[in-house]
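Engineer: In this note's numbering, the protein residues as written are 184 to 378.
Glycine residues also receive a C-beta, built at the ideal position from the N, C-alpha and C atoms.
Keep in mind the model is a prediction, meaning the values are calculated, not measured.
Pasting in a structure now, in structure tokens, and then I'll have a few things to ask.
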């Protein structure tokens, strides 16, 4: 069993085979041999959780699971783009983006402890902040879209981007919030007092 499973990653990031699939803005994009399972996992997860809603028929359950899966995959791309963009802003973008089955992993080469705290802070803020911006844009456009597939997808994008955005600020290991709060609170730990 992977030691990274507690972080929601099925693969062992240290030993999994990394398959390069291209580059984006000087960041090497890589997948694992089982990355393709991701959409099926999210589809199945939503389908199972949706069994709680007994008023839905099979067709509606499948439809909602499909929308959720598309929204999660797009939201993950937005999140990664936010990290790349914020890394570029501080001239310290990730070297590699490893797309695993369940989530992406930002990989940096070299001793990251040598970088100033504001670099870590801005890089870690990029993903959640970009997700919140996407959610805001979707909220603004939602009333303009007539009922149907696109309005349902926009609704799913709002919820998944809000989840990624707000959840990204939680001070949990392997979540952006761990770095965000470490860097925000660093001045208070160094001096030992709150100003």
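(1) Okay, do the region 253–269 and the region 206–221 touch, 3+ Cβ pairs below 8 Å being the bar?
(2) From residue 130 to residue 269, what does the alpha carbon distance come to, in whole angstroms?
(3) Apart from the five residues just before and just after residue 335, which ones in its own chain have a Cβ nearer than 7 Å to its Cβ?
(4) Straight-line CA distance for residue 299 to residue 224?
(5) By the DSSP assignment, the alpha helix (DSSP H) with residue 344 in it spans what residues?
(6) When DSSP labels each residue in this structure, what does residue 293 get in the three-state scheme?
(7) Please specify which runs of the alpha helix (DSSP H), each continuous and at least 4 residues long, are wholly inside the region 216–303, giving them in chain order.
(8) Does the separation of the CB atoms of residue 285 and residue 343 fall below 8 Å?
(9) Assuming residue 126 and residue 357 form a contact by the criterion Cβ under 8 Å, report the distance between their Cβ atoms to the nearest whole angstrom.
(10) Exposed or buried, which one is residue 309 when buried takes at least 16 other CB atoms within 10 Å?
(11) With a CB to CB cut of under 6 Å and the five nearest residues on each side skipped, what residues in its chain are close to residue 302?
(12) Between residue 351 and residue 360, is the Cβ-Cβ spacing less than 8 Å?
(13) According to DSSP, simplified to helix, strand and coil, what is residue 309?
(14) With 8 Å set as the bound, which would you pick, yes or no: does the beta-carbon of residue 294 sit closer than that to a beta-carbon of chain B?
(15) Which of the three DSSP states, helix, strand or coil, is assigned to residue 210?
Structural biologist: The answer reads as follows:
(1) Output reads yes: the region 206–221 touches the region 253–269.
(2) The structure shown does not extend to residue 130, since the chain is modelled only from 184 through 378, so no value can be given for it.
(3) So the qualifying residues of the chain are 250.
(4) Whole-angstrom Cα-Cα distance: 38 Å.
(5) Where residue 344 is concerned, the enclosing alpha helix (DSSP H) stretches over 332–350.
(6) Coil.
(7) Secondary structure remark: continuous alpha helix (DSSP H) runs of at least 4 residues inside the region 216–303, in chain order: 221–232 and 241–272.
(8) No.
(9) Because the chain is modelled from 184 through 378, residue 126 falls outside the range shown and cannot be assessed.
(10) Residue 309 is buried by the Cβ-count criterion.
(11) So the qualifying residues of the chain are 273 and 275.
(12) Taking C-beta atoms as the reference points, residue 351 and residue 360 count as a pair closer than 8 Å.
(13) In the three-state scheme derived from DSSP, where H, G and I count as helix and E and B as strand, residue 309 is classed as helix.
(14) The question asks about chain B, but that chain is absent: this structure has only one protein chain.
(15) DSSP, read as helix, strand or coil, puts residue 210 in strand.
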